[in-house]
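Here the sequence shown is numbered in the numbering used here, starting from 2 and rising by one per residue. C-beta atoms are modelled at their ideal positions from N, C-alpha and C, and glycine is treated no differently. What follows is a single structure, written as structure tokens, with notes after it.
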Amino acid sequence: MSTVESTPAAAAAAPRRRWTFGRPLQVLLVRFGAIALILLAWQEVGRRTDPVLFTTPTAVASAAWTMVASGELWTYLGPSLLVLLYGMLLAVSTGVVIGLLIARFWPVEVALSPLITFLYSIPTVALVPLIVMWAGFDTAAKVAILYLFAFFPVVINTHQGVRNVDPKLLEVGRAFRCSEAQLWTNIILPAALPFIVTGLRLALGRGLIGMVLADLYTAISGIGYLIVRTANTYQVDRMFVPIVVLGLLGVALTALLHFVERRVAPWTMRRSE
2 MSTVESTPAA AAAAPRRRWT FGRPLQVLLV RFGAIALILL AWQEVGRRTD
52 PVLFTTPTAV ASAAWTMVAS GELWTYLGPS LLVLLYGMLL AVSTGVVIGL
102 LIARFWPVEV ALSPLITFLY SIPTVALVPL IVMWAGFDTA AKVAILYLFA
152 FFPVVINTHQ GVRNVDPKLL EVGRAFRCSE AQLWTNIILP AALPFIVTGL
202 RLALGRGLIG MVLADLYTAI SGIGYLIVRT ANTYQVDRMF VPIVVLGLLG
252 VALTALLHFV ERRVAPWTMR RSE
């Protein structure tokens, strides 16, 4: 027996290799199996329930096909996606920059931290009527509402990411006479990146909520209005279509964030393996 095989580390690593081998296939089987069970249970419950109150996955799929073929779904979804895009771009860009500045420069933290804490403590829904009064009922008001929902997770997580940078790494950088720009690019930003990505995930979920809420408050358009309109007319199968679309959109965007994280910060993914 070789020395490598007799070490405790090798013995501990062997079962882990056996587990990770074929793991993607296991993950797919578990996920599809769970989805299949949920759909079967949903179908059975929906079949036994009054169609005015509930529906089945097959009815939702049929309604989705009709709404996609007629273009109705895209008519309502398109404007909401544009609001989501504009609001998230503003929230991410300003949230990351402000979070970095607050964590790195104490005058900025002293000036802005109480204000951010104050605004974050206020339920965002309570500010929606005020935004509508100021910005009206068009796209600007929707973007402002979504921005308020998505901004705070980004700025708070970015602040925490910079604050959690190991001080020893900064000392080493200064010992090698790194400039402030080199400290940012080589130490601070790579160390804070996992926190920033986490903030983006939280902001994405809150952004979808803000998108629907903005549709309800500001105009007779968007996917939020489609949900309310179909509910008011007791078209439960058509009401579930935009709800399912929102869920699938969240899953797709979260998967995209995972992919981006793997590309720009692969070391963060190795920690979770």
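Assuming residue i contacts residue j (C-beta within less than 8 Å), just tell me the rounded distance between them.
i	j	result
G174	I188	5 Å
R202	T255	6 Å
Whose C-beta lies closer than 6 Å to the C-beta of residue i among residues of the same chain, with five residues either side of it excluded?
i	result
N158	F196, T199 and G200
L217	G225
L227	Y77 and P243
Y148	G88, L91 and A92
Three-state secondary structure (DSSP) at residue i?
i	result
D51	coil
D139	coil
Q236	coil
G23	Confidence at G23 is low in this model, with a pLDDT of 49, below 50, so the placement of that residue should be treated as unreliable; the coordinate-derived value is given next. DSSP places G23 in coil when its eight states are reduced to three.
R178	coil
I123	coil
F106	coil
T57	coil
D167	coil
G72	coil
L221	According to the sequence as given, residue 221 is Ile; it is not Leu. Here I221 sits in coil by DSSP.
Near residue i, what residues of its chain come up, given a Cβ to Cβ distance below 8 Å and the 5 sequence neighbours on each side ignored?
i	result
L247	L209, V213 and I224
L40	P58
Buried or exposed: residue i, going by 16 or more other Cβ atoms within 10 Å of its Cβ?
i	result
G23	Because the pLDDT at G23 is just 49, under 50, the model does not fix this residue reliably, and the value given afterwards should be weighed accordingly. Under this definition G23 is an exposed residue.
K169	exposed
P52	exposed
H160	buried
G162	buried
A70	exposed
L74	buried
F119	exposed
M68	buried
D139	exposed
By Cβ distance below 7 Å, which residues in the same chain neighbour residue i in space, the five residues on each side in sequence not counted?
i	result
E6	Bear in mind that a pLDDT of 45 at E6, under 50, signals an unreliable position, so the model cannot answer this.
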